[in-house]
Each structure stands twice: as structure tokens, then as C-alpha cells.
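Student: Residue numbers (our numbering): 10 to 293.
Ideal Cβ positions, reconstructed from N, Cα and C, are used throughout, including at glycine.
Keep in mind it's a predicted model, so treat the numbers as computed, not measured.
Quick one: the structure is below, questions incoming.
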Amino acid sequence: MIRFKWFIVLVAILLCICAQAQDFQGKAVYQSKTQVNFDFGNRNIPEDRKKAIMKRIKEANEKTFVLNFDKTASMYKEEKKLGIPDGRGGGRGPRFGAMTGTDGDLYKNIKDQRYLIKNELLGKIFLIDDELETLEWKMGSESKKIGNYTAFKATATKTIKRPNMSAIFRRPGRGDENKDEEKKEEEFSIKKVEIVAWYTPEIPINQGPGLYWGLPGLILAVNDDITTIVCSEITLNPSEKMEIKAPNKGKKVTQAKYDEISQEKMKEMRENFRNRGGRGGRRN
10 MIRFKWFIVL VAILLCICAQ AQDFQGKAVY QSKTQVNFDF GNRNIPEDRK
60 KAIMKRIKEA NEKTFVLNFD KTASMYKEEK KLGIPDGRGG GRGPRFGAMT
110 GTDGDLYKNI KDQRYLIKNE LLGKIFLIDD ELETLEWKMG SESKKIGNYT
160 AFKATATKTI KRPNMSAIFR RPGRGDENKD EEKKEEEFSI KKVEIVAWYT
210 PEIPINQGPG LYWGLPGLIL AVNDDITTIV CSEITLNPSE KMEIKAPNKG
260 KKVTQAKYDE ISQEKMKEMR ENFRNRGGRG GRRN
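Okay, structure coming up:
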């Protein structure tokens, strides 16, 4: 095991030296799928309507992302799907990323160990500026092929905070007005999960999809308890040079401040929804 780890490190170092001898750039395309369990609670909704809602939620959480990278920085953007409206008319279901600030244009600078996310929240543009989280990766000897590349397994533990959409849009029952603190806790779930990543030393950068980074090679696949991201296409040193620039528009906030703002917005959405009695109004 020790010899194997030293072999991986040596390969990564040698490939890094080769990469640094040129203006190294690349593009990776990722497919992302997030499982969403949405509880309709006590709302009286026809089954065909429920199925249509769940279909929209599923489609909204199946996405394609493009990661453009060089030796020190990267830009991770969603590739928008044609024919899926962004508007207010319900063409998209609830999206976890919009509320957690991970759904916008994501710039990572490995040298400075910082990230910037340009994100829209209910019509307002925010620029999240914060420090990259350093995960304690445990590298194993297990390997597999992902496309044309040999990838090695690594695991880490990460605390993840997610919005609970079912709690936000739950229709109030009797006595709920006295449970404000309990509801507030339900709006977000916070738990530790195991992250499983697959990286390839054949592409000697410590970048990856989303906020993942820090392995001796590009992360080709990553999975937490509900989201799976897998690389489907890679282009190295494209003929046209890419310009990887940090976003600079929007109200600059830290991740913690953005979480606070989004939680307030979610509370407003919940109150507005419940005051209307759910979609279509509440009958007495």
C-alpha cells in the first residue's frame, strides 16, 4: 500500500512537470444527477399532478456542466438545456443549488485557495467570495476506467447543508403556528456524508467539478449521498485558448452571509405559500 501511494505521487509529480512545460489548459464535461424526495404532506393534489411535479423536479436536477481549467484556476458552468424555461411559471422544479449558492458560475483558484460564485437568488445577483474547503482525502488502491482514463478512488467526510423543500412548502396544520423554531430547523438539513471521488493522475491538476479539489489529478467522478457527477468528455490543450476569468458582478458576500440571506428568502417563500394555502388557495 505504501509503495503504491508513493508510485501515485511520483506519477503525479512527473506529469505536473510535463504540464508546466507548456501552457496547459483543458475542458471537461460532467453529467450531474441529484435525487430529490419531495413530500406533498397533507395537500390534496391529484396523482397525475403529483407525477408531473416530480417529473419537473427530476428534470431540474439533472444537469450538464462544463469545467474549463488551467494549471491554477477553473470555471465551472451549467450548460443550459434548450426548451426548459427559467421563468416563474413553474417550468422548473425546486433546485437545491439556487438556495445553497452552488448553482451559478463557479470560479476556483487553487493557488489562492479561494472561490467565487456568481449566483442569482430570486432576481438579485450575488457574488459569493470565500475560502475553499480542504477535505482530508484518503487515497485507496482501487481503480477503474472512466472514459479513456484510469481513475483511482479517494474518500473524505464532508458536512453538507441542504434546503428541505418539503418543509418549506408544507401546508400548515393545526397548531403549526406555535412551532416556529421547529420549522426553522426543518428548513435545512445538516449532516456529515462520505464523499467518494475518482481522480486520474494522467491529467495532473488538482481540480474537479463543483467545489471539489485537492487530489493529485483531475476528479472525473464524485458522489455524495444524493448527487452523482460523472465526466463524459475531456479535451486537453484545445486549439483555441480559453480565458478563465473570475466573475466580478453582483453583491459580494461570504458563503455564510449568502446562506443567511437565502434562509430568509426561503422563510418568505414559505410564508407566502402558506398564506395562500398552497397552490390554488385553501378552502374552508
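Between which two residues does the beta strand (DSSP E) holding residue 165 run?
Tutor: The residue given as residue 165 occupies position 156 in the sequence shown. Unbroken beta strand (DSSP E) run through residue 165: 158-172.
Student: Rounded to a whole number of angstroms, what is the C-alpha to C-alpha distance between residue 225 and residue 209?
Tutor: By 1-based counting over the sequence shown, the position of residue 225 is 216. By 1-based counting over the sequence shown, the position of residue 209 is 200. Near 8 Å, if we compare the C-alpha coordinates of residue 209 and residue 225.
Student: Mind listing, in chain order, the continuous beta strand (DSSP E) runs of no fewer than 3 residues lying wholly within the region 246-285?
Tutor: 260-262
Student: Three or more C-beta pairs closer than 8 Å, one from the region 153-173 and one from the region 117-137: is that the case here?
Tutor: no
Student: Which residue comes first and which comes last in the beta strand (DSSP E) that contains residue 134?
Tutor: Start at 1 with the first residue of the sequence shown, and residue 134 comes out as number 125. Where residue 134 is concerned, the enclosing beta strand (DSSP E) stretches over 133-140.
Student: Considering only the alpha carbon of each residue, which of 265, 60, 37, 64 lies closest to residue 75?
Tutor: For the purposes of this step, residue 75 is taken as the residue at position 66 of the sequence shown. Residue 75 has its Cα closest to that of 37, out of 265, 60, 37, 64.
Student: Can you give me the Cβ contacts of residue 159 inside the same chain, cut-off strictly under 7 Å, excluding the 5 residues immediately before and after it?
Tutor: Along the sequence shown, one-based indexing puts residue 159 at 150. Within the same chain, residue 159 has close Cβ partners 152, 209, 211.
Student: Should the region 248-256 be regarded as contacting the region 78-87, the criterion being three or more beta carbon pairs within less than 8 Å?
Tutor: yes
Student: For residue 54, which residues in the same chain have their Cβ closer than 6 Å to its Cβ, ignoring the five residues on either side in sequence?
Tutor: As a first step, residue 54 is located in the sequence shown; it is residue number 45 there, counting from the start. None.
Student: Between residue 67 and residue 45, is the Cβ-Cβ spacing less than 8 Å?
Tutor: On the sequence shown, position 58 is the one that residue 67 refers to. On the sequence shown, position 36 is the one that residue 45 refers to. Yes, the Cβ-Cβ distance between residue 67 and residue 45 is below 8 Å.
Student: For residue 88, tell me which candidate among 78, 120, 114 has the shortest Cα-Cα distance.
Tutor: By one-based count along the sequence shown, residue 88 stands at place 79. Taking only the C-alpha atoms, the option nearest residue 88 is 114.
Student: What is the rounded straight-line gap between the Cα of residue 161 and the Cα of residue 280?
Tutor: For the purposes of this step, residue 161 is identified with residue 152 of the sequence shown, where counting begins at 1. For the purposes of this step, residue 280 is identified with residue 271 of the sequence shown, where counting begins at 1. Approximately 47 Å between the Cα atoms of the pair.
Student: Excluding the five sequence neighbours on either side, which residues of its own chain have a C-beta within less than 7 Å of the C-beta of residue 222, listed in chain order?
Tutor: Translated into positions along the sequence shown, residue 222 becomes position 213. Once the five neighbours on either side are set aside, the close Cβ partners of residue 222 are 117, 119, 141, 215, 216.
Student: Would you decide whether residue 271 is buried or exposed? Buried here means 16 or more other CB atoms lie within 10 Å of its CB.
Tutor: Against the sequence shown, residue 271 aligns to sequence position 262. Around the Cβ of residue 271, a 10 Å sphere holds 16 or more other Cβ atoms; the residue is buried.
Student: Excluding five sequence neighbours on each side, which residues of the same chain lie with their C-beta closer than 8 Å to the C-beta of residue 154?
Tutor: Start at 1 with the first residue of the sequence shown, and residue 154 comes out as number 145. Hits under 8 Å: 160.
Student: In angstroms, rounded to a whole number, what distance separates the CA positions of residue 43 and residue 206?
Tutor: Your numbering for residue 43 matches position 34 in the sequence shown. Your numbering for residue 206 matches position 197 in the sequence shown. So the alpha carbons of these two residues sit roughly 16 Å apart.
Student: Taking all protein chains shown into account, decide if residue 218 is buried (16 or more other Cβ within 10 angstroms of its Cβ) or exposed.
Tutor: In the sequence shown, residue 218 corresponds to position 209, counting from 1. By the neighbour-count rule (16 or more Cβ atoms within 10 Å), residue 218 is buried.
Student: Pick from 143, 63, 69: whose alpha carbon is nearest that of residue 40?
Tutor: Here residue 40 refers to the residue found at position 31 when the sequence shown is read from its first residue. The candidate whose alpha carbon is nearest that of residue 40 is 69.
Student: Do you know whose CA, among 139, 34, 232, lies nearest residue 80's CA?
Tutor: Residue mapping note: residue 80 aligns to position 71 of the sequence shown, counting from 1. It is 34.
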